[in-house]
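Mapped onto the numbering used here, the consecutive letters of the sequence shown carry residue numbers 1 to 708. Working notes for the structure below.
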Amino acid sequence: MKNLLFIFFCPLIFLYAQQEKKVEDMLFQLTNEEKITMCHAQSKFTSPGVPRLGIPELSMSDGPHGIRPEINWDDWGYANWTNDYVTAFPALTCLAATFNPDLSMDYGISIGEEARYRKKDILLGPGVNIYRTPLNGRNFEYMGEDPYLASELVVPYVKGVQKNGVAACVKHYALNNQEQWRGHINVEVSDRALHEIYLPAFKAAVKQGNAWAIMGSYNKFREQHCCHNDLLLNKILKKSWGFDGVVISDWGGVHNTDEAIYNGLDIEMGTPSDRSYSKRYPYNSNFLGNPFLKKIIEGEVNESILDDKVRRILRLMMRTSLNKDRPFGSINSKQHYETAYKIASEGVVLLKNAENFLPLDKSKQIKIAVIGENAEKSMSVGGGSSELKPDKEISPLFGIKKEFKNAVIKYAKGYSSNPDEDHDDLRKEALTIVKESDVVLFIGGLNKNNFQDSEANDRKNYQLPYGQPKLINEISKHNKNIAVILISGNAVKTDWKTNVKSILQTWYLGSEAGNAIASILSGEINPSGKLPFTFPESLIDNGAHYFGKLSYPGDGVSQYYKEDILVGYRWHDTKNIKPSFSFGYGLSYTSFELIDINSNKKNYLTNENIKISCTVKNTGKFEGKEVVQVYIGKVNSKVNRAKKELRGFKKVFVKVNKSEKTEIEIPVKNLAYYNEIDSDWEIEKGDYIIYVGNASNNILDKIIITIS
Ligand code: BGC
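Spelled out as structure tokens, the structure:
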């Protein structure tokens with residue numbers, strides 16, 4: 001075994017040493033002025049290289065679900081190029097809802113290829129901030145409320161991107177869980193919640209995914225901005241996790257030269273350029289520009305600190321722009337659209353399906369009323385920095401018309417996000433169509449407008465906006481055959497749910513949105529998505545909101561994460577608060593049974609793995625996929641614990657009348673909690689309950705095991 005490990009690691013160690021030697025050679029040739037320029041921007045999305053030595057500039061782009069259109073060199077205007085149309089991949093909430101790490105690898109490879117084709121060295125994504133409140137305007141860019149799920153999905157994404165010689169820049173590190181006051185809010189959170197809830201996905205991206213870059217967040221943590229936060233960057237990221245890549249600031253997230261120098265930041269981006277300072281080098285006025293240089297020249301700052309930053313930047317260049325072997329990339333390929341479609345259709349979650357209302361038979365000549373602004377609205381445009389210029393974006397209405405060729409389809413907007421439209425007219429028009437139709441497909445939800453699912457602000461409330469609840473209820477008085485298709489990256493209040501037959505949660509699906517939604521509606525694809533976050537009945541049922549303003553959104557200066565480790569379903573479960581739809585939940589057109597649930601043993605040592613086996617039986621009429629979910633809870637813990645936490649899952653495909661056996665392996669060390677007194681992970685000995693089910697609130701069997 002030892003020999004095998006040696007044979008495997010030896011070439012890797014050799015390659016790393018070779019790379020490091022080149023880095024040192026380049027570093028040796030650089031002047032301090034050149035080194036300093038590499039530590040800050042030279043335009044909105046590039047940082048300078050060293051022309052004298054042929055060291056190329058670094059080119060960056062958002063992320064995280066497509067390559068952003070080109071921005072002007074030195075202002076936020078779009079450059080209006082005609083060669084920057086891309087594939088819009090589904091937003092990361094959808095990826096998380098697939099519960100399928102293989103698809104995450106495909107996602108990473110495809111988006112990395114597009115980044116490479118567009119000559120980007122760093123992709124500003126993925127985002128893995130934990131879903132804490134349904135009001136956070138940027139939840140749609142992240143992977144949900146569970147640290148284990150987000151970790152399992154971020155690793156393949158990062159690896160996939162980086163196969164292209166493009167660095168993934170994992171963001172926003174850390175605790176950027178709301179948009180309101182994001183530039184200055186000071187987050188106070190316990191060490192346990194930090195390590196158990198908010199950091200694991202970043203840690204996995206770094207330690208298992210080998211991410212080459214990470215982006216500091218805008219907010220403060222314990223009174224220090226996260227882009228130059230000693231604890232987060234120096235102590236945890238670089239020292240404890242051994243991160244050898246580059247820390248990039250969020251755009252405009254740097255506030256202080258000394259902290260930026262000493263607290264772990266490597267590249268400062270987005271600080272405004274100052275043309276009065278220098279016409280040619282306006283970014284030299286940045287915190288890590290001339291103020292830094294002056295301190296180096298005057299001997300106030302040791303050169304080794306500058307060298308550490310530049311070494312990291314050169315290392316990233318060796319992995320990306322200076323890597324002669326990296327592939328060329330590709331864009332808008334058939335394969336990218338296939339990947340986008342697969343992820344989109346596998347991420348859609350069926351929340352309700354009374355009387356098996358869905359799927360709709362596409363061979364029938366039915367009359368379908370499609371109602372709702374979101375049936376036609378582009379969801380790639382807007383939302384902030386993740387906005388895209390897709391080469392194609394199939395709208396739900398277009399997709400439905402294409403799929404249901406035998407049906408008579410009538411469309412009415414019904415409601416509008418534009419306050420200037422005549423809402424009463426829209427409503428009346430919708431009701432007229434609804435009355436004459438066999439089936440109503442209400443396509444609503446949120447959108448990418450400001451104060452919806454959008455950067456820089458949070459949502460103002462939990463309701464569906466623009467009078468949609470009232471409209472849904474009114475429609476239901478005229479036609480009972482309604483399916484509501486929610487397009488959003490966030491949970492919404494669903495107090496209208498008893499008035500409709502079916503509900504689909506369909507996220508922001510990108511280029512293939514309409515095709516994926518139509519395939520689900522017709523049964524061409526059997527839904528298999530699971531919610532990556534809880535839908536509370538009302539906001540007060542969510543842990544962050546339960547504790548009032550100081551917890552969310554804070555008092556304008558600070559906020560306190562008072563729910564502590566009990567985020568999302570951990571709160572609902574532990575406090576016995578029934579959600580509208582729970583984490584991990586999602587229906588299928590078929591029915592599954594989970595049987596023969598066993599553990600390989602009953603007693604484990606701390607260095608062993610728990611193996612849970614389970615057979616998934618398809619007892620319904622469609623082939624499909626089910627997600628076996630394993631949650632574990634500690635009995636009589638000496639510390640506060642969530643009743644149960646997700647520790648393993650597997651998505652299993654099963655044909656009609658068939659069974660598939662699956663096994664889920666969980667290292668006992670993953671059951672550790674973060675001991676705040678020792679500042680270390682501790683595995684508590686004693687009994688644990690293993691819960692196996694297909695949703696956090698649908699547990700089909702329990703097993704008691706003992707750790708000794
Ligand atoms: C966002 C980042 C983004 C950056 C560059 C910031 O406002 O928070 O996610 O990568 O802008 O567009």
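From the three backbone atoms N, C-alpha and C, an ideal C-beta is built for every residue, glycine too. Given the structure is predicted, the values throughout are model-derived calculations rather than measurements.
| Query | Result |
| --- | --- |
| Given the structure, does H225 come close to ligand 2, in the sense that its CB is under 7 Å from one of the ligand's heavy atoms? | You won't find ligand 2 in this model; what it holds is ligand 1. |
| If distances are taken between C-alpha atoms only, which option among E114, D191, L504 comes closest to K163? | E114 |
| Hey, out of S588, D701, G414, L521, whose CA is closest to N598's CA? | D701 |
| Within 10 angstroms of its Cβ, does F583 collect 16 or more other Cβ (buried), or is it exposed? | buried |
| Between which two residues does the alpha helix (DSSP H) holding H423 run? | 423-435 |
| Should the stretch 487-494 be regarded as contacting the stretch 171-180, the criterion being three or more beta carbon pairs within less than 8 Å? | no |
| Could you check which residue in N473, G299, D230, I595 has the C-alpha nearest to that of T498? | N473 |
| At a cut-off of 7 Å, would you count G63 as near ligand 1, judging by its Cβ distance to the nearest heavy atom? | yes |
| On the three-state DSSP scale, how would you describe M215? | strand |
| How would you label C39, buried or exposed, when you count the other beta carbons within 10 angstroms and need 16 or more for buried? | buried |
| Can L521 and L358 be called in contact, C-beta distance under 8 Å? | yes |
| With hydrogens ignored, establish whether the beta-carbon of W251 is closer than 7 Å to any heavy atom of ligand 1. | yes |
| In its own chain, which residues sit with a C-beta less than 8 Å from the C-beta of V635, not counting the 5 before and 5 after it? | G686, D687, Y688, I689, I704 |
| Roughly how far, in whole angstroms, is the beta-carbon of G165 from the beta-carbon of R319, given that I think they are within contact range, below 8 Å? | 7 Å |
| Hey, is the stretch 444-459 in contact with the stretch 129-141, meaning 3+ C-beta pairs nearer than 8 Å? | yes |
| Is it the case that the Cβ atoms of S380 and G289 are separated by a distance below 8 Å? | no |
| Find out if the Cβ-Cβ distance for the pair G144, P64 is shorter than 8 Å. | no |
| On the three-state DSSP scale, how would you describe K669? | helix |
| From the DSSP output, which residues share a beta bridge with M60? | I122 |
| Tell whether a beta-carbon distance below 8 Å holds between C94 and L123. | no |
| According to the Cβ coordinates, are K501 and Y585 closer than 8 Å? | no |
| For the alpha helix (DSSP H) that contains T320, what are its first and last residues? | Per DSSP, T320 belongs to no alpha helix (DSSP H) and is neither H nor E. |
| Short check: CB of N219 to CB of C226, under 8 Å? | yes |
| Going by other Cβ atoms of all chains shown within 10 Å of its Cβ, with 16 needed for buried, is R118 buried or exposed? | buried |
| Could you check the C-alpha separation between K602 and T706 for me, to the nearest Å? | 6 Å |
| Compare the Cα-Cα distances from Q335 to each of I111, K658, E223, W73 and report the closest residue. | I111 |
| To which residues does DSSP link N618 through a beta bridge? | F592 |
| Cα separation between S363 and F404? | 8 Å |
| Kindly examine ligand 1 and report whether one of its heavy atoms sits closer than 7 Å to the Cβ of L92. | no |
| How about F287 and E303: do their beta carbons lie closer than 8 Å? | no |
| Does any heavy atom of ligand 1 sit closer than 7 Å to the C-beta of S43? | no |
| Going by DSSP, what residues sit across from T662 in a beta bridge? | C614 |
| Is L124 near ligand 1 - that is, is its Cβ less than 7 Å away from at least one heavy atom of it? | yes |
| Would you list, in sequence order, the uninterrupted alpha helix (DSSP H) runs of no fewer than 4 residues that lie entirely inside the stretch 286-317? | 290-297 |
| Which residues in the same chain have their Cβ closer than 8 Å to the Cβ of Q463, if we skip the five residues on either side of it in sequence? | P469, V492, K493 |
| Would you kindly work out how many angstroms separate the C-alpha atoms of A369 and Y569, rounded to a whole number? | 36 Å |
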